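Colleague: Take this structure first; my questions come after.
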Amino acid sequence: MSEPGSVPAGTAPAITGEDIAAALRRAAIRLVGLRDHLNRLDAEVGDGDSGLTAEKGARGLLAYLDATPPGDDLGKWLAGAGMAYNRAAPSTMGALMATAFMRAGKTVMGQAILSPHDLAVMLVAADQGLQERGKVKPGDKTIVDAVHPAAEALMSAVLAGQSLDAGAQDMLNAARAGRDAAVALRGQVGRSNWVGERTEGKTDPGTVLFVSALEAVLNAQPSESGRAQS
Numbered sequence: 001m002s003e004p005g006s007v008p009a010g011t012a013p014a015i016t017g018e019d020i021a022a023a024l025r026r027a028a029i030r031l032v033g034l035r036d037h038l039n040r041l042d043a044e045v046g047d048g049d050s051g052l053t054a055e056k057g058a059r060g061l062l063a064y065l066d067a068t069p070p071g072d073d074l075g076k077w078l079a080g081a082g083m084a085y086n087r088a089a090p091s092t093m094g095a096l097m098a099t100a101f102m103r104a105g106k107t108v109m110g111q112a113i114l115s116p117h118d119l120a121v122m123l124v125a126a127d128q129g130l131q132e133r134g135k136v137k138p139g140d141k142t143i144v145d146a147v148h149p150a151a152e153a154l155m156s157a158v159l160a161g162q163s164l165d166a167g168a169q170d171m172l173n174a175a176r177a178g179r180d181a182a183v184a185l186r187g188q189v190g191r192s193n194w195v196g197e198r199t200e201g202k203t204d205p206g207t208v209l210f211v212s213a214l215e216a217v218l219n220a221q222p223s224e225s226g227r228a229q230s
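Structural data, given as structure tokens:
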């Protein structure tokens, strides 16, 4: 993927802190409701507690959203959101989520209003943070298999001058495709690596977590692995 460039000429919609907070609230509520489903998926490829961790982190995020308005520095506020998630769910996934939030926030420090290009840069930074902190790459059967193609798709759409709605749909389609493609892979990280070929044909809970959160952010119809919908 090429380095993020400048936004093509044209009028881009302004995204406010309130918009971001509302989107994160939708995502957190969705994750709370996914606890049992994620636990079942994780029991087949991991430790079986992915859903519980996601629920705890999401509840921590909801508490942060209730107590902390976005203010005029979205970068600082997003970093705080990541730390709140990790405090509520101290774990490998909690640390990864904190890293993703903080890396994304670092790209918009001091900003109160965001552009579509800002959102794309944030997602690219979050993806890079997940890969570096988790010591993983696309193809390792982790959350990155959904996040990475989503980040590439959104950045490509923004740089091509597409509307935010069109770019968001491209991003969601790419995330769903990444989730579905990861089913055939063999896990390379953590307990998934230990059980080896038993992970082949199983859905990775991290990819489901990301796609489900993204669907909630975009008010999109929920989908299941292998049966993605637009």
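Its first residue numbered 1, the sequence shown is counted upward by one per residue in UniProt numbering.
Ideal Cβ placement from N, Cα and C applies to all residues, glycine included.
Note that the structure is a prediction, hence the values are computed from the model and not measured.
(1) What is the residue span of the alpha helix (DSSP H) that Leu209 lies within?
(2) Look at the alpha carbon of Met102 and the alpha carbon of Ala22, and state the distance between them as a whole number of angstroms.
(3) Pair every Cβ in the segment 65 to 75 with every Cβ in the segment 103 to 116, then say whether three or more of these pairs are closer than 8 Å.
(4) Which full runs of the alpha helix (DSSP H) of 4+ residues lie inside the segment 5 to 54, going along the chain?
(5) Assuming Glu200 and Arg186 make a contact with CB atoms under 8 Å, what is their CB distance in whole Å?
(6) Comparing C-alpha positions only, which one of Gln221, Ala175 and Lys202 sits nearest to Val211?
(7) I need the straight-line Cα distance from Thr92 to Ala181, nearest angstrom please.
(8) With a threshold of 7 Å on Cβ separation, who are the neighbours of Ala166 within its own chain once the five nearest residues in sequence on each side are excluded?
(9) Give every residue of the same chain whose Cβ lies closer than 7 Å to the Cβ of Leu52, excluding the five residues on either side of it in the sequence, and list them in chain order.
(10) For Leu114, does the three-state DSSP call read helix, strand or coil?
(11) With DSSP as the reference, label Glu224 as helix, strand or coil.
(12) Going by CA-CA distance only, name the one from Ala63, Leu62, Asp19 and Val208 that's closest to Ala146.
(13) State yes or no: is the C-beta of Ala153 within less than 8 Å of the C-beta of Met171?
(14) Across the segment 60 to 67 and the segment 80 to 98, are there enough close Cβ pairs to call them in contact, namely three or more that are closer than 8 Å?
(15) Just mark Met155 as buried or exposed, buried being the case when its beta carbon has 16 or more other beta carbons within 10 Å.
(16) Report the rounded CA-to-CA distance for Lys106 versus Lys137, giving the unit in angstroms.
(17) Around the Cβ of Pro69, are there at least 16 other Cβ atoms within 10 angstroms (buried) or fewer (exposed)?
(18) Find the nearest neighbour of Ala14 within the set Asp204, Val144 and Leu164, judged by alpha-carbon distance.
(19) Helix or strand or just coil, what does DSSP make of Glu200?
(20) Could you give the residue range of the alpha helix (DSSP H) that holds Asp170?
(21) Out of Ile143, Gly17, Glu224 and Asp66, point me to the one whose CA is closest to Asp204's CA.
(22) In whole angstroms, give me the CA-to-CA distance for Lys202 and Asp42.
Modeller: Straight from the coordinates:
(1) Pro205 to Val217
(2) 19 Å
(3) yes
(4) 17 to 33 and 35 to 45
(5) 5 Å
(6) Ala175
(7) 24 Å
(8) Ala157
(9) Arg35 and Asn39
(10) strand
(11) strand
(12) Val208
(13) yes
(14) yes
(15) buried
(16) 22 Å
(17) exposed
(18) Leu164
(19) coil
(20) Leu164 to Ala182
(21) Ile143
(22) 9 Å
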